[in-house]
Amino acid sequence: MMVLTKKMIEIRSILQKVGQTGALQLPSIVVIGSQSSGKSSVLEAIVGHEFLPKGSNMVTRRPIELTLINTPDSPSEYGEFPALGLGRITDFTQIQKTLTDLNLAVPEADCVSDDPIQLNIYSPTVPDLSLIDLPGYIQISALDQPEELKAKIAALCDKYIQPPNVILAISAADVDLANSTALRASRRVDPRGERTIGVITKMDLVDPGRGNAILKDRNYPLRLGYVGVVCRPPSTKFSFGRNVNITNAISKNENTFFGAHPEFAAPDSGVTVGTTNLRKKLMSVLEQTMAQSLQGTSDAIHQELEEATYEFKVQYNDRPLTAETYLAESLDKFKHSFKDFTEHFGRPQVRQLLKRELDQKVLDFLASRYWNKPLSEDKSWNRLDERPISELPNTDSENLYWQRRLDASTSALTKLGVGRLATNVVANALQQHMDRLISESTFRAHPFAKQAIQEATNAILNERFYSTSDQVENCIKPYKFEIEVNDREWAQSRENSQNLLKEELKACEDSLKNLKSNIGPKKLLQVMSFVDKLRQGEHADMKEGTEAFGFSRPLLQKGREGVFLRDRAEILKMRLVALKSKQCATSASKYHCPEIFLDVVAEKLTSTAVLFLNVELLSEFYYNFPRELDNRLGRHLSKQQVESFAKEDPKIRKHIELQQRKELLGLALEKMESLMALEKSKKAPVVGEGSVRTGRWGGIFCVTE
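Residue numbering for the sequence shown follows the UniProt record's numbering, beginning at 1 and increasing consecutively.
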């Protein structure tokens, strides 16, 4: 096997990762031919397997960059699609299916695409070669094919058969060479035939004398000559199982055919036949072509490396960055932010959140059970079981109505499902804070990381939710039966309830002010007066929701809203005066001061719940989250996943890709310089007795006397 070709194929693989430019293209053997010329059979005979797309319609729509890599130390044969990351594929029918799918993915409207498919095949029986298979030429478009298909295929082939590539022009023996589309195309770009190899297929379909004349053709002379092949062994599909190498069968079939005819077998026949000889010729020609391009390729790589080095210095000040280090730095920063969050979100913050939630529940109970009847006379109010809150300060403390009111409100508050409510409040707060931490970190540009963090958060919270909820609910059970209040608790809740009512009063006054601003003070006063009259029984024949006295239905609705806010503000003011009075100074008057007592209950529920929320949920979350984060974004990620994560951020992707380009170009240049030094040492003259001359056979230099 050719050492030079193998090394250049390694360099080509490196340059493919860089993203080849025109200057970095290495020579390849470009295979062209018309449809049904036997082009696919030639390539499959070289590889030893059927692997190219087959079909009645045109199935090759994209160039296939085929790299054959000889593996003498490994008996296994397999293929890889480097750009797809499918790993090793040992089933060549699967390779064929993948190639077919990739080609048929090109829409029929586009005809063909110049986006190449990269395929590497590793085998101990293949030569080291770099081949490019192109769509076959057509003479005329079929009815179901676009009219421009012929021109597009020709343009695509012309793009690839330019220097320094070697052209492998495939023609069938039963077609006159004058009609060979492949030879005509190669003649346009290689008029002297210096880099074109002619391959004549289907030699068994013509008379041996005619076949000999074709291979010696003088009308279309090629410096690299013609090679005649038969390629397919008889009944391949029936004689061999799947994935069986057919190289030996093809060679045996060709030897039998060509050996039976002196026009091909005689020493003086002057022709080259057989797939084995074709492989040798391809290896030799490709190595010679690559040897000629060494210096030019080296110079191009050196220039690209200088440009990449300069750009990396200017943009990033030579600061190295890999996907792994970027992920590690991002994780460390996020963990630091998380630790800072844990230090500022503890029991006091949880208590504040839960108390605010229970305060709202207390207000809801007060509104529905105490503040729901206006202070002024309202004849439309027909709920006989309701008494206005204005009667409460003057009522006897043994009044059963108000006692039952408070007892029912207390029972409703304690049986609210505080365990689930409290756990839900804290879990939602944690999720919101985690979302904030993501938005403030580098992970905000990474959908994969955001999803991983959110999933880690949800996993821990979901695991702890029900046990925490049940634990909290069990611990507040005593409050469902009896509430004991001391003087300190009463005094504290008296202050809390006053502050709560003041906030509610301010909200009512602000809402009423906004109504006046939107509608106009005068107009709002008129419609509110009209609503008051309705409440006093005037205009009793007016139906609810209808227009009346120049007021539209939306305006009447605003008027009712204004009346509600005004009445609620009056009740709140009255209750604030009551809470500040001596009557509400002690817990003995709890039935006269329901706002204070319900706040005492809310405080007790909050204090008890916070103890267990801190132990069962908060501490567990703070302990498990960093570990769960490491599991999802740390050591369990594959290299490909880490690479994909880093490149989700356009800035980081540009930094990493430029650094990788610089490193790969440096590696390619190092291998190129090593190869050039090796070639130079081979060409050095050997000093000895007698005349000395050098020659080369099969890529190995020999010295003879």
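Note that the Cβ used here is the ideal one computed from N, Cα and C, for glycine as well.
When burial is assigned at 16 or more other CB atoms within 10 Å of the CB, is residue i buried or exposed?
{"i": "lysine 604", "result": "buried"}
{"i": "histidine 49", "result": "buried"}
{"i": "arginine 661", "result": "buried"}
{"i": "leucine 15", "result": "buried"}
{"i": "glutamate 689", "result": "For glutamate 689, the predicted structure reports a pLDDT of 43, less than 50, and the residue's modelled location is therefore unreliable. A value from the coordinates is still provided. Exposed, because fewer than 16 other Cβ atoms sit within 10 Å of the Cβ of glutamate 689."}
{"i": "alanine 668", "result": "buried"}
{"i": "methionine 8", "result": "buried"}
{"i": "asparagine 70", "result": "buried"}
{"i": "arginine 61", "result": "buried"}
{"i": "leucine 84", "result": "exposed"}
{"i": "glycine 228", "result": "buried"}
{"i": "lysine 558", "result": "buried"}
{"i": "glutamate 616", "result": "buried"}
{"i": "valine 577", "result": "exposed"}
{"i": "isoleucine 140", "result": "exposed"}
{"i": "glycine 436", "result": "Checking the sequence shown, residue 436 turns out to be arginine, not glycine. With fewer than 16 Cβ atoms within 10 Å of its Cβ, arginine 436 is classed as exposed."}
{"i": "phenylalanine 481", "result": "exposed"}
{"i": "valine 563", "result": "buried"}
{"i": "asparagine 514", "result": "exposed"}
{"i": "glutamine 471", "result": "buried"}
{"i": "histidine 592", "result": "buried"}
{"i": "tyrosine 401", "result": "exposed"}
{"i": "valine 314", "result": "exposed"}
{"i": "threonine 181", "result": "buried"}
{"i": "methionine 283", "result": "buried"}
{"i": "tyrosine 623", "result": "exposed"}
{"i": "glycine 270", "result": "exposed"}
{"i": "aspartate 567", "result": "buried"}
{"i": "asparagine 317", "result": "exposed"}
{"i": "asparagine 496", "result": "buried"}
{"i": "glutamate 194", "result": "exposed"}
{"i": "proline 27", "result": "buried"}
{"i": "arginine 494", "result": "buried"}
{"i": "tryptophan 381", "result": "No answer about tryptophan 381 holds up, because its pLDDT of 46 lies below 50 and its placement is not dependable."}
Are the Cβ atoms of residue i and residue j separated by less than 8 Å?
{"i": "isoleucine 138", "j": "leucine 149", "result": "yes"}
{"i": "glycine 211", "j": "alanine 173", "result": "yes"}
{"i": "valine 31", "j": "isoleucine 117", "result": "no"}
{"i": "glycine 136", "j": "lysine 39", "result": "yes"}
{"i": "residue 772", "j": "isoleucine 453", "result": "A query on residue 772 cannot be resolved here, the shown segment of the chain reaching from 1 to 705 and no further."}
{"i": "arginine 279", "j": "serine 130", "result": "no"}
{"i": "aspartate 128", "j": "threonine 5", "result": "yes"}
{"i": "threonine 247", "j": "threonine 125", "result": "yes"}
{"i": "isoleucine 250", "j": "arginine 232", "result": "yes"}
{"i": "glycine 520", "j": "glutamate 473", "result": "no"}
{"i": "glutamate 254", "j": "threonine 275", "result": "yes"}
{"i": "arginine 405", "j": "arginine 369", "result": "yes"}
{"i": "alanine 443", "j": "phenylalanine 312", "result": "Checking the sequence shown, residue 443 turns out to be phenylalanine, not alanine. No, they are not a contact pair."}
{"i": "arginine 575", "j": "leucine 501", "result": "yes"}
{"i": "threonine 410", "j": "valine 601", "result": "yes"}
{"i": "valine 42", "j": "valine 199", "result": "yes"}
{"i": "asparagine 243", "j": "aspartate 91", "result": "yes"}
{"i": "leucine 505", "j": "leucine 572", "result": "yes"}
{"i": "serine 186", "j": "isoleucine 153", "result": "no"}
Just grab the DSSP bridge partners of residue i for me.
{"i": "glycine 259", "result": "Paired residues: none, contrary to the question."}
{"i": "alanine 169", "result": "Ile32 and Gly198"}
{"i": "serine 123", "result": "Asn70"}
{"i": "leucine 131", "result": "Ile29 and Leu66"}
{"i": "glycine 79", "result": "Ile89 and Ile121"}
{"i": "glycine 228", "result": "Ile200 and Val273"}
{"i": "tyrosine 137", "result": "Ser34"}
Just to check my reading of the structure: residue i and residue j have Cβ atoms closer than 8 Å, yes? What is that Cβ distance to the nearest angstrom?
{"i": "glutamate 670", "j": "leucine 294", "result": "The pair is not a contact, with the Cβ atoms about 14 Å apart (cut-off 8 Å)."}
{"i": "aspartate 649", "j": "valine 362", "result": "Aspartate 649 to valine 362, Cβ: 48 Å. No contact."}
{"i": "proline 63", "j": "aspartate 114", "result": "7 Å"}
{"i": "leucine 52", "j": "glutamine 25", "result": "Wrong, their Cβ atoms sit about 23 Å apart, outside the cutoff."}
{"i": "glycine 87", "j": "leucine 119", "result": "Actually they do not touch by this definition, with Cβ atoms about 13 Å apart."}
{"i": "valine 642", "j": "leucine 327", "result": "6 Å"}
{"i": "isoleucine 197", "j": "leucine 168", "result": "5 Å"}
{"i": "asparagine 614", "j": "valine 350", "result": "7 Å"}
Which runs of the alpha helix (DSSP H) fall wholly inside the segment 491–566 and span at least 4 residues, in chain order? 521–535
Pick out the complete alpha helix (DSSP H) segments inside the segment 258–324, 4 residues or longer, and give them in chain order. 262–265, 275–292 and 294–316
Any alpha helix (DSSP H) of 4 or more consecutive residues that is wholly inside the UniProt domain "GED" (587–680): 594–613, 619–633 and 639–646
Please give me, in chain order, every unbroken run of the alpha helix (DSSP H) with length at least 4 that falls completely inside the segment 327–371. 347–369
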